[in-house]
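Note that numbering that gives the first Met the number 0 has the sequence shown beginning at 0, numbered continuously upward.
Cβ atoms here follow ideal geometry from the backbone N, Cα and C, with glycine treated the same way.
Everything on this sheet refers to the single structure shown next.
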Amino acid sequence: MADTENNIDNLERQFPSMSGVAFEAARKRTLESGLSVLQSEGGVIYEVFPDGSRKRVKEIEPPTKVVSGQKITIR
């Protein structure tokens with residue numbers, strides 16, 4: 000049982016970096032195929048095009064900063 004919990008803990012620790020790598024690879028493939036992607040930055044959503052240009056799409060609430068383990072309530 001302890002080995003299983005250790006394996007799960009190890010996988011959970013790897014998840015943030017692994018998901019970041021997978022996300023960046025998918026973004027790159029999408030842009031290389033000639034399609035645009037949406038990206039949020041500083042409270043704004045941008046459409047980013049394969050040539051590197053971007054168009055402002057919409058203003059949104061700025062991101063909520065959280066500390067690992069912190070619980071937040073989504074309204």
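Residues bridged to residue i by DSSP?
{"i": "residue 55", "result": "45"}
Using C-beta distances below 8 Å, list every residue in its chain close to residue i, excluding the 5 sequence neighbours before and after it, in chain order.
{"i": "residue 54", "result": "45, 46, 48"}
{"i": "residue 31", "result": "49"}
{"i": "residue 41", "result": "61"}
Sorted by chain position, which residues of the same chain lie with C-beta nearer than 6 Å to residue i's C-beta, five sequence neighbours on each side aside?
{"i": "residue 29", "result": "36"}
In whole angstroms, give me the CA-to-CA distance for residue i and residue j.
{"i": "residue 8", "j": "residue 26", "result": "28 Å"}
{"i": "residue 2", "j": "residue 57", "result": "47 Å"}
{"i": "residue 24", "j": "residue 33", "result": "15 Å"}
Residue ranges of each beta strand (DSSP E) within the stretch 2-48, 3 or longer: 36-40, 43-47
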